[in-house]
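Just so we're aligned: the sequence shown equals residues 27 to 121 in this note's numbering. Please read the structure below before turning to the comments.
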Amino acid sequence: MILSRGPVLEIDTPDLKPHEAPRRTTDAKVQPLPLKNVRDALQQAQRDEILLALREAGGRVGGLEGAAARLGLKRTTLIARMKKLGIESRPRSAA
C-alpha cells in the first residue's frame, strides 16, 4: 500500500539520477525509411504469418484448429486479409 498526505506522491531516491534524453548531433545522417517501404515490409510480414498459419492448419481457415484461430482472428477477418494480400487458402491444382 502506498500512502501520501497530498495529491502528489513524493519519493526520495538519492541514488537515482534524473533521466536525460540523448543529445542529437547535427552531423548525423540518419534518413527515415520511406513510408512505402515500411508498408511493404508490414504487408510481407502479415503475408508470411498468414501463410505459416495456413500451412500449420492444413489449409483450413476456420474451425478450432484453423488458421484464423491460430492467429487469434475471426474467420471473416482472416478471409478479408487473405483477399487483400492475394492469398488462397488451398492452392489451386494444376489442371
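We put the beta carbon where it would ideally sit given N, CA and C, even for glycine.
Relative to VAL87, the option among ARG31, LYS109, GLN69 whose CA is nearest is LYS109.
Around ILE28, the same chain offers LEU35 as residues with beta carbons nearer than 8 Å, after the five sequence neighbours per side are excluded. Boundaries cannot be given for LYS55, as no alpha helix (DSSP H) includes it and DSSP labels it neither H nor E. Between GLN70 and ARG107, the CB-CB gap reaches or exceeds 8 Å.
Residues of the same chain with a CB within less than 7 Å of the CB of LEU80, apart from the 5 flanking positions on each side, are ALA93, SER115 in chain order. Going by C-alpha positions, VAL56 is about 37 Å away from GLY98. Relative to LEU104, the option among ILE76, ALA83, GLY84 whose CA is nearest is ILE76.
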